[in-house]
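In UniProt numbering, the protein residues as written are 1 to 701.
Cβ coordinates follow ideal geometry from the N, Cα and C atoms, glycine included.
Just so you know, these numbers come straight off a predicted model, no measurement behind them.
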Amino acid sequence: MDNSPSLLNPSVYSTPISSTSIRLLQFSLNQTPSQNRSDGSTCTFTGKLKKFRLQDAPPFYTASYVWGPKTNDQTHDHSTAIGLKSGTLPVLSSLTPFLNMVCAHKDFSEKDWWWIDSLCINLKDIQEREDQVKIMGQIYRNARRVIIWLGEEIEEGSDCTGATKFLFQLSNLPPAFRTNKALRTELLEPSFDAQWSAVGRLLARKWWARVWTLQEFVLPPEAKFYCGHQSISRGKFKSAMYNIHLCSTGSGDYSNELIPRHAFDAAFNRRRIHQWYLRSTGMSLVAIMAYLGNHSATDARDMIYSVLGLINEQDRRLVGPAEYKSSVQHIYAKLVRSFWIEYQNLDIICFSHMFNRHSGNLDLEQMEGKNEAVPSWAPDWRARVEFSSPVPLMASQSASEHIGNFRPLGSRDFQAMYDAPGPTLRKQANVRFHENLKEMWCDGVVLDAVDGLGGLDGCETRCRSYVCRDSGHEVVQSTQIRQDTDSSAVQSLRIIETVARSLTLNRRDKYLRYQAPAHYVSSFLVLCHACLNSHGDGDGDGDDTETERNPVVVDELFAIWFEQNQHLRFGRQTLAEHVTSPSYSFPPPSPTTKSHPGPHPDAEDQDQDPYLTRFHDTVRKKSRKLMVTTLGYVGMAPCRARQGDVVAVLFGCSIPLVLRRVGVREAWTVVGEAYVDGFMEGQVDRLVAGEAVAARSLRIV
């Protein structure tokens with residue numbers, strides 16, 4: 001649903017509606033079209049608009065569609081109208097082809113009742129709009145079916161001829177298809193190229209990227225897609241998407257994309273959200289908004305309000321009723337405060353790691369000039385995240401009761417949990433918010449300052465921050481040379497274990513359900529030695545005979561990463577020197593160490609991933625840099641982190657944060673999540689109890 005004013009005759013909406021009633025529309029083609037003098041539109045249709053109590057409404061269809069671009073006066077283009085007894089009802093130009101299809105299609109009758117937001121809501125009346133948003137979920141749940149309009153088969157720059165028919169064929173593939181690689185490979189033949197291209201163009205249309213269309217797709221008991229006069233049911237569409245997924249993962253050619261990744265993700269993610277909706281009592285608001293990071297809304301407040309019908313009752317309560325009188329930045333900051341009040345948990349602030357003012361699609365200067373910037377501790381949901389992920393952050397861990405993620409339904413169990421403050425300190429968070437919602441305070445500890453940072457240049461990270469774009473991801477060398485108390489061999493092994501764990505966030509699966517296994521260290525060492533040997537850098541003192549007999553094909557991303565990070569110092573030695581320490585030998589190559597990061601990154605059910613898959617997830621997908629602090633703590637930092645930033649544990653937040661000091665009065669801004677090896681499960685409690693570090697109130701702006 002959009003929020004721009006319509007060019008309409010006020011008498012059309014002379015009968016007001018509230019949060020218990022709706023207007024429904026009947027329409028048909030006007031046999032004698034006439035021109036509307038007030039706005040020049042043509043009354044192509046004739047119809048009836050009638051008010052009903054929602055609980056007493058007759059069976060009705062809902063329509064899901066894209067409103068189209070705004071004109072210079074911030075309205076949408078209307079060239080057609082529906083003639084009513086009470087006046088004329090302008091029709092969006094983007095909606096006109098849909099109404100024509102309905103009037104001509106055998107699936108529909110002129111006696112059908114319809115609820116279409118741009119026609120049935122008086123958007124000039126803010127109170128009415130807010131009242132209707134309150135019951136939007138109920139409207140869609142009460143509908144007999146949602147009709148999803150993806151446009152004509154052939155539109156400018158988007159020829160989708162045959163796409164719907166091909167999807168229907170894919171949905172009806174025999175069960176043997178899922179286990180028969182030959183059948184799947186057959187669909188990759190060049191003879192199918194035109195069909196795959198048509199499907200790709202269909203899934204790239206704007207409907208898939210609009211936030212309102214998600215609940216319009218999920219909530220109704222039935223849903224059907226129409227592209228021109230061709231159609232496919234929601235159930236058939238979901239089956240087709242899963243079979244496309246199997247074709248992509250089963251081909252053995254991981255570089256092969258049958259459909260562009262961004263187009264596939266948008267549709268496949270909706271399939272998964274619908275599965276979750278059918279088998280749950282509601283989903284987490286924050287998890288859904290993070291999953292929709294590549295979606296957009298005309299009104300940024302709708303990034304929250306558009307999913308109210310999908311989320312659990314507790315989250316719906318903390319959001320409260322939709323209100324469009326407050327500013328975007330106030331509503332986003334208020335959401336953080338409400339989250340804390342409801343759950344006594346600040347994990348929501350971790351999402352400012354991704355959704356922040358430095359995102360490439362936001363204009364920071366303009367926002368600050370208009371006082372539209374949100375505080376650093378509040379996720380700015382206006383930021384566009386190009387790649388959606390079911391588990392975008394550590395705060396999205398499967399153990400998170402209030403946030404969670406969209407892992408496959410068969411993967412709900414977990415055995416590991418990040419809880420940096422631990423249960424005792426969590427009760428001492430002492431969180432406060434300024435009444436203007438521009439500052440907040442939370443008790444916590446500053447563990448240490450960031451000293452050295454690894455490099456990510458050439459690693460094809462998913463970071464789209466203009467800060468990183470301008471400054472790059474070069475290595476920042478450690479400045480502190482510490483005298484190690486342990487022997488060189490013991491210290492090197494400890495460093496290697498710590499780095500290996502950090503590069504996987506100490507988890508063995510992308511849903512962060514289980515702790516990383518010990519053999520990951522062996523896999524890491526094998527990869528490092530393979531990189532060194534491929535450049536003739538091995539010192540010859542290690543046990544390389546097994547590697548010589550069975551050479552490891554070096555993963556390209558790991559090789560690029562190692563090339564620039566091998567010289568990062570940990571204590572008195574570089575990473576490469578620790579790896580080649582002559583005082584210990586490394587085991588032979590692990591059978592799970594492959595040149596490609598294991599199965600396809602979207603494989604549905606995986607309890608354990610190969611080391612390289614976890615490495616790719618941390619470094620490339622989550623864009624994390626290796627980090628070493630002045631005291632020698634090792635971990636992973638946000639790609640925007642700088643030397644001199646600090647790593648802090650806020651007692652209200654499960655995940656450590658990288659903070660940056662700003663202003664004359666001591667204040668901090670949130671940079672993003674940090675993984676600090678050895679401090680992810682409440683160990684900081686012992687430091688506070690032993691007075692090794694002091695708890696303090698941290699003012700965050």
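Check: Burial state of aspartate 413 (16 or more Cβ within 10 Å); Outcome: exposed
Check: Candidates Pro175, His353, Ile495: closest to asparagine 578 by CA position; Outcome: Checking the displayed sequence, the identity of residue 578 turns out to be histidine instead of asparagine. Looking at the Cα atoms, Ile495 is the closest of the given residues.
Check: C-alpha gap between glutamine 169 and arginine 271, whole angstroms; Outcome: 18 Å
Check: Length of the line joining the Cα atoms of aspartate 448 and valine 647; Outcome: 6 Å
Check: Bounding residues of the beta strand (DSSP E) (the contiguous stretch that carries alanine 449); Outcome: 440 to 453
Check: Span separating the alpha-carbon of arginine 407 from that of aspartate 509; Outcome: 11 Å
Check: Meets three-Cβ-pair contact criterion under 8 Å: the segment 171 to 178 and the segment 92 to 104; Outcome: no
Check: Selection from Lys111, Asn533, Asp685 that minimises the alpha carbon distance to phenylalanine 60; Outcome: Lys111
Check: Rounded C-alpha distance that separates aspartate 56 from histidine 262; Outcome: 42 Å
Check: Local conformation of aspartate 125 per DSSP, three classes; Outcome: coil
Check: Distance between tyrosine 242 and serine 248 (C-alpha atoms, nearest Å); Outcome: 10 Å
Check: DSSP three-state assignment for isoleucine 147, whether helix, strand or coil; Outcome: strand
Check: Close beta carbons around phenylalanine 615, own chain, < 6 Å, minus the five adjacent residues each side; Outcome: Leu503
Check: At least 3 beta-carbon pairs within less than 8 Å: the segment 176 to 186 vs the segment 144 to 152; Outcome: no
Check: Close beta carbons around proline 392, own chain, < 7 Å, minus the five adjacent residues each side; Outcome: Ala290, Met354
Check: Stretch-stretch touch, CB-based, cutoff 8 Å, three pairs: the segment 630 to 648 with the segment 463 to 480; Outcome: yes
Check: The alpha helix (DSSP H) enclosing valine 499, as first and last residue numbers; Outcome: 488 to 502
Check: From Leu92, Leu84, Trp114, Val133, residue whose alpha carbon lies closest to that of glutamate 323; Outcome: Val133
Check: Euclidean distance between Cα positions of serine 523 and leucine 92; Outcome: 58 Å
Check: Sequence ranges, beta strand (DSSP E) only - wholly within the segment 135 to 220, length at least 3; Outcome: 145 to 149
Check: Minimum C-alpha distance to histidine 437 - residue among Ile22, Glu673, Ala378, Met283; Outcome: The identity of residue 437 in the sequence shown is leucine, whereas the question assumes histidine. Closest by alpha carbon: Ala378.
Check: Start-end ranges of the alpha helix (DSSP H) lying completely within the segment 608 to 659, minimum 4 residues; Outcome: 611 to 616
Check: Local Cβ density within 10 Å of glutamine 215, reported as buried at 16 or more and exposed below that; Outcome: buried
Check: Leucine 650, buried or exposed, once every other Cβ within 10 Å from all chains shown has been counted against 16; Outcome: buried
Check: Residue(s) in a DSSP beta bridge with threonine 46; Outcome: Ser28, Gly83
Check: Per-residue burial, arginine 382 [other beta carbons within 10 Å of its own, 16 or more giving buried]; Outcome: buried
Check: Simplified DSSP assignment, three categories, for tyrosine 61; Outcome: strand
Check: Contacts around tyrosine 305, its chain only, beta-carbon distance under 6 Å, and the 5 residues preceding and following it disregarded; Outcome: Val133, Ala322
Check: Reduced DSSP secondary structure (H/G/I, E/B, other) of tryptophan 381; Outcome: coil
Check: Through-space distance from leucine 54 to proline 190, alpha-carbon basis; Outcome: 52 Å
Check: Classification of threonine 424 by the beta-carbon crowding that lies within 10 angstroms, buried from 16 upward; Outcome: exposed
Check: According to DSSP, residues forming a beta bridge with threonine 574; Outcome: Arg569
Check: Cβ-Cβ distance between alanine 420 and proline 656 below 7 Å; Outcome: yes
Check: DSSP bridge partner residues for methionine 354 (one or two, in chain order); Outcome: Paired residues: none, contrary to the question.
Check: Cβ-Cβ distance between glutamate 128 and asparagine 122 below 7 Å; Outcome: yes
Check: Identity of the residues DSSP links to cysteine 672 by a beta bridge; Outcome: Note on identity: in this sequence residue 672 is glycine, with cysteine being the wrong assignment. Per DSSP, Val658.
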